[in-house]
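Peer 1: In the working numbering, the protein residues as written are 1 to 191.
Just so it is clear, CB atoms sit at the ideal spot from N, CA and C, and this is done for glycine as well.
So that we are looking at the same thing, I have put the structure below in C-alpha cells.
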Amino acid sequence: MNFSVKSQTETTEAVEVSILTIGPGANLYDKFGHSAFRVADKNNGVDYVFNYGTYDFNTPNFYTKFAQGKLLYSLSVETFDNFYARYVAENRWVKEQKLNLTVDQEIEVFNFLKNNSLPENRKYKYDFFYDNCATKMRDVLVEVLGTKIKYQDSLPFEPKSFRELIQQNVYYNSWGSLGMDVGIGAVTDVT
1 MNFSVKSQTE TTEAVEVSIL TIGPGANLYD KFGHSAFRVA DKNNGVDYVF NYGTYDFNTP
61 NFYTKFAQGK LLYSLSVETF DNFYARYVAE NRWVKEQKLN LTVDQEIEVF NFLKNNSLPE
121 NRKYKYDFFY DNCATKMRDV LVEVLGTKIK YQDSLPFEPK SFRELIQQNV YYNSWGSLGM
181 DVGIGAVTDV T
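Structure, rendered in C-alpha cells:
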C-alpha cells in the first residue's frame, strides 16, 4: 500500500486506531490466533489493517523455521474489508478493541505504522514467544506513546510455562504438539 505525503497531512479528527484479535485457525501456524492494527478515518475513506503476521510459505524449511522462531516476517497493509473477509472465509472470529487515545496519539500511531510499512522497515525476525503479531501491538504502542499508556483492568495472572500455553492451542500428544516440542525444545518450560 502506498502512502503519499498528502494522506499523512490530511488525517482528520475522525481517525480511530484499534486492535483486531482473530480467533485460532485450523492449521498449526494459525492455531494461536492473530492480532493486527486497524486505522480508520471515515472522513478520508481510510480503513487499513497493518498486519505484522505476513510470511512467505515458499520459505525453505518453513515449518522448521516457524517452530524455531527463525522465520522472517513482515508488516503488510491491506484494506479492512479484504482482511476481514479472509478470516470470515476461514470461519475465524474477528474482535475489535478501539483504543482510548487522543486524536494526536492516533495520528502518531498511524504515522509510525505507515513509516514501519516502508520496504526498508517492514521486515523483522519473528520469534515465536517474544516478537510476534501480539507482541508487536504492545511494542508499537510503547514505542509511540511511552509512559502515556494506561491499562484499565488487570486480569488475574497464573504463571504458566510456554509449553503449558502451547498445549492450550495445540492438541496434547498430536503431531503438531510433538513438532512444537521438538522444534522449540526446552525453552518452552520457562515460566
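For S161, does the count of other Cβ atoms within 10 angstroms reach 16, so buried, or fall short, so exposed?
Peer 2: The residue labelled residue 161 in the question sits at position 161 within the sequence shown. Exposed is the call here.
Peer 1: Could you say if the region 108-126 and the region 90-98 meet the contact criterion of at least three C-beta pairs nearer than 8 angstroms?
Peer 2: No, the region 108-126 is not in contact with the region 90-98.
Peer 1: With a CB to CB cut of under 8 angstroms and the five nearest residues on each side skipped, what residues in its chain are close to T12?
Peer 2: The residue given as residue 12 occupies position 12 in the sequence shown. Contacts found: D41, N43 and N44.
Peer 1: Hey, out of E16, L72, L20 and Y84, whose CA is closest to K95's CA?
Peer 2: Position 95 of the sequence shown, counted from the start, is the residue given in the question as residue 95. The shortest C-alpha separation from K95 is found at L20.
Peer 1: At the level of alpha carbons, what is the spacing between A85 and N27?
Peer 2: Against the sequence shown, residue 85 aligns to sequence position 85. Against the sequence shown, residue 27 aligns to sequence position 27. Roughly 18 angstroms separates the two Cα atoms.
Peer 1: Starting from A85, follow the alpha helix (DSSP H) in both directions and report where the run begins and ends.
Peer 2: Walking along the sequence shown from the start, residue 85 turns up at place 85. Taken as a continuous stretch (DSSP letters only), the alpha helix (DSSP H) holding A85 covers F80 to A89.
Peer 1: Do you know whose CA, among V77, E120 and G33, lies nearest C133's CA?
Peer 2: As a first step, residue 133 is located in the sequence shown; it is residue number 133 there, counting from the start. Answer by Cα proximity: G33.
Peer 1: Are V49 and V15 closer than 9 angstroms when you measure CB to CB?
Peer 2: Numbered from its first residue, the sequence shown carries residue 49 at position 49. Numbered from its first residue, the sequence shown carries residue 15 at position 15. Cβ atoms of V49 and V15: not closer than 9 angstroms.
Peer 1: Measuring CA to CA, which of F37, I22 and D30 is closest to K136?
Peer 2: Indexing the sequence shown from 1 puts residue 136 at position 136. Of the candidates F37, I22 and D30, the one whose C-alpha sits nearest the C-alpha of K136 is F37.
Peer 1: Could you give the distance in angstroms between the alpha-carbon of F66 and the alpha-carbon of P24?
Peer 2: Against the sequence shown, residue 66 aligns to sequence position 66. Against the sequence shown, residue 24 aligns to sequence position 24. Taking the straight line from one Cα to the other gives about 16 angstroms.
Peer 1: Might you give, ordered along the chain, the residues of its own chain that have their beta carbon closer than 6 angstroms to the beta carbon of S4, omitting 5 neighbours on each side?
Peer 2: The residue you call residue 4 lines up with position 4 of the sequence shown. Low confidence applies to S4: its pLDDT is 45, below 50, so where it sits in the model is not reliable, and the reading given next is rough at best. Counting only Cβ-Cβ distances below 6 angstroms, and skipping sequence neighbours, we find nothing.
Peer 1: L72 bridges to which residues according to DSSP?
Peer 2: Residue mapping note: residue 72 aligns to position 72 of the sequence shown, counting from 1. Its beta-bridge partners are K125.
Peer 1: Considering only residues of the same chain and omitting the five flanking positions on each side of F83, which have a CB-CB separation below 6 angstroms?
Peer 2: By one-based count along the sequence shown, residue 83 stands at place 83. Hits under 6 angstroms: V49.
Peer 1: Closest to S76 by C-alpha separation, out of E164, I149, K123 and D153, would be which residue?
Peer 2: Indexing the sequence shown from 1 puts residue 76 at position 76. For S76, the nearest C-alpha among the options comes from K123.
Peer 1: Just the C-alpha distance for Q152 and L118, rounded to the nearest angstrom, thanks.
Peer 2: Residue numbering aside, residue 152 sits at position 152 when the sequence shown is read from its first letter. Residue numbering aside, residue 118 sits at position 118 when the sequence shown is read from its first letter. Approximately 33 angstroms, taken between the alpha carbons.
Peer 1: List, from N- to C-terminal side, the alpha helix (DSSP H) runs of 4 residues or more that fit wholly inside the region 24-74.
Peer 2: Listed in chain order, the complete alpha helix (DSSP H) runs (minimum 4 residues) inside the region 24-74 are 62-68.
Peer 1: On the DSSP letters alone, give me the boundaries of the beta strand (DSSP E) that Q97 sits inside.
Peer 2: On the sequence shown, residue 97 is found 97 positions in, with the first residue counted as 1. Q97 -> beta strand (DSSP E) spans V94 to K98.
Peer 1: Return the bridge partner residues of D131 from the DSSP annotation.
Peer 2: For this step, residue 131 is matched to residue 131 along the sequence shown. According to DSSP, D131 bridges with D127.
Peer 1: Applying the criterion that 16 or more other CB atoms from any shown protein chain within 10 Å of the CB defines a buried residue, is K114 buried or exposed?
Peer 2: Stepping through the sequence shown from its first residue, residue 114 is reached at position 114. Per the 10 Å Cβ criterion, buried.
Peer 1: Just checking my contact of F80 with D47 at CB under 8 angstroms: how many whole Å lie between their CB atoms?
Peer 2: For the purposes of this step, residue 80 is identified with residue 80 of the sequence shown, where counting begins at 1. For the purposes of this step, residue 47 is identified with residue 47 of the sequence shown, where counting begins at 1. With 8 angstroms as the limit, F80 and D47 qualify as a contact, their Cβ atoms being about 4 angstroms apart.
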